[in-house]
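Residue numbers (the numbering used here): 10 to 467. Step one of this worksheet: look at the structure below.
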Ligand code: TYD
Ligand code: MG
């Protein structure tokens, strides 16, 4: 029997099935299977007879290691000090967060540095791009624009340029290969178009930057495979209602993955924020319970953020745990430790937790600050206005050491904080006017806060 060339691909996880089923067995999503023809795109696996390949030695002089910096230092830092020639970067983010704006500004900068820049949009017409470029003040630039969606044509054109350039594709979900039957945005189209573009870009040692849409759960739309195909994956994140935007790297073959870049969206484009701590703390109120300052680290850069907690009696059978900017399972763990080790009863309380400024925190070192804000809210005691917290909380209530305490303390000092709540044996800087509160167990912190409140309670 002739083998059918039809197949069904899950649009959520990329699993392939020979028959249609309602629920993907891999990712358990319903109704995500789409029929796609099983045609191998040209350029990939299309030849059945292999040819011999030649090998090379990794001689130093044969490769150009120099990175291309864009003068947008927030972007350069996130990608590890500039773009590596021949690399492919994928940048994802919610609609309207500012991906197109960021990349237009980026190529605007690079074109001033005499790099050849091409910006291809499948989403906007040339007049729309021009309006944005005018708004960003990119009048006399040398960027070449096109509004096309055929990835074959783009690949053929950029191969024919024959020299290094910077190519932005906005967005990869709008690109298609005419050889494939399925519509743009499907798994096979996204995967095949990306392959064609990568092959063409690598030939000329060019820098390829792809914009990707994200799905409602926050992953880059289409397949995870896209993230495997590229060298660097960046997310452009932030609260749509706030002006701040954070660029974060999720995968980076040429640099660290924990650096962030902070921007502010203004009327005339994105402005870099060189000192994010000052920005995140700018709206702080005095004498309010439930807020604690966390001295955090994002990559090599220290950041102070305000953790806000509100704990109120609940009328619900299962009390609310609402959280913005932190991890819900980490909060559950912390509540369990506070209940079990410190006798702070939270099981009939609603807890609202917010990291002010729209930033998201992933470090376990934030535990102590979160615990402090919860205790402060429960007891209705404002914490010291010049205090910062860092430390990881273990299940037995012990406070564990964190990395690079000196960097955190220095940043706190720089911003006028001189009361440091930290794990035992992490005092690194000794200086006049600098007060340390070493915390061994979470209960010690509760006692410290109790002490402050004695007057209030009596
Ligand atoms: P955009 O870059 O189109 O977002 P994306 O490509 O991620 O969908 O940004 C759109 C939003 O940014 C839009 O709501 C308007 C706002 N914006 C500014 O506030 N200032 C600007 O200078 C520009 C160009 C956009
Ligand atoms: Mg866009």
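Ideal placement from N, C-alpha and C gives every residue a C-beta, glycine not left out.
Distance from the CA of residue 83 to the CA of residue 373, rounded to the nearest whole angstrom, comes to 24 Å. Around the CB of residue 59, fewer than 16 other CB atoms lie within 10 Å, so the residue is classed as exposed. Excluding the 5 residues flanking it on each side, residue 419 has same chain C-beta neighbours closer than 8 Å at 311 and 438, in chain order. For residue 414, no beta strand (DSSP E) encloses it; the enclosing alpha helix (DSSP H) starts and ends at 414-423. Unbroken alpha helix (DSSP H) stretches of 4 residues or longer found wholly inside the region 375-460: 376-388 and 414-423, given in chain order. With a 10 Å radius around the Cβ and a threshold of 16 neighbouring Cβ atoms, residue 64 comes out exposed.
For residue 372, the secondary structure class from DSSP, reduced to helix, strand or coil, is coil.
Residue 87 and residue 337 have their C-alpha atoms roughly 26 Å apart. Put simply, the region 383-399 touches the region 304-320. At least three CB pairs are less than 8 Å apart.
By the criterion of at least three beta-carbon pairs nearer than 8 Å, the region 336-351 is not in contact with the region 267-282. The continuous alpha helix (DSSP H) containing residue 135 extends over residues 135-144. For residue 298, the shortest C-beta to heavy atom distance toward the ligand TYD is 7 Å or greater. In this structure, the alpha-carbon of residue 395 lies about 18 Å from that of residue 383.
In the three-state reduction of the DSSP assignment, residue 284 falls in the coil class.
The DSSP-derived three-state label of residue 354 is coil. Separation of the CB atoms of residue 159 and residue 185 is rounded to 7 Å, and the pair is thereby assigned contact status at 8 Å. In this structure, 237 is the residue among 136, 434, 277 and 237 with its C-alpha nearest to the C-alpha of residue 259.
Taking C-beta atoms under 8 Å as the contact rule, residue 173 and residue 214 qualify, at a distance of about 5 Å.
Taking C-beta atoms under 8 Å as the contact rule, residue 269 and residue 109 fail to qualify, at a distance of about 20 Å. Judged by DSSP secondary structure, residue 200 falls within the alpha helix (DSSP H) whose first and last residues are 196-212. Listed as beta-bridge partners of residue 278 by DSSP are 275. Scanning its chain for C-beta atoms nearer than 8 Å, with the 5 sequence neighbours on each side dropped, one finds around residue 424 the residues 286, 287, 290 and 313, in chain order. Counting only runs of 4+ residues, the alpha helix (DSSP H) found wholly inside the region 86-142 occupies 108-121, in chain order. Taking all protein chains in view, the Cβ of residue 333 is surrounded by fewer than 16 other Cβ atoms within 10 Å, so the residue is classified as exposed. Under the 10 Å beta carbon count, residue 435 is surrounded by 16 or more other beta carbons and is classified as buried. Of the candidates 316, 242, 408 and 81, the residue whose Cα lies closest to the Cα of residue 97 is 242. Straight-line spacing of the CA atoms in residue 18 and residue 203 works out to 17 Å.
The three-state secondary structure of residue 20, taken from DSSP, is coil. At least 8 Å separates the beta-carbon of residue 93 from that of residue 175.
Straight-line measurement puts the Cα of residue 66 at about 36 Å from the Cα of residue 23.
The beta carbon of residue 416 sits closer than 7 Å to the beta carbons of 306 and 311 from its chain, once the five residues preceding and following it are set aside; these are given in chain order.
Minimum Cα-Cα distance from residue 442 among the listed residues 427, 431, 297 and 449 corresponds to 427. For the set 431, 404 and 403, the Cα lying nearest the Cα of residue 413 is the one of 431. Boundaries of the alpha helix (DSSP H) harbouring residue 236: 234-238, taken from the DSSP string.
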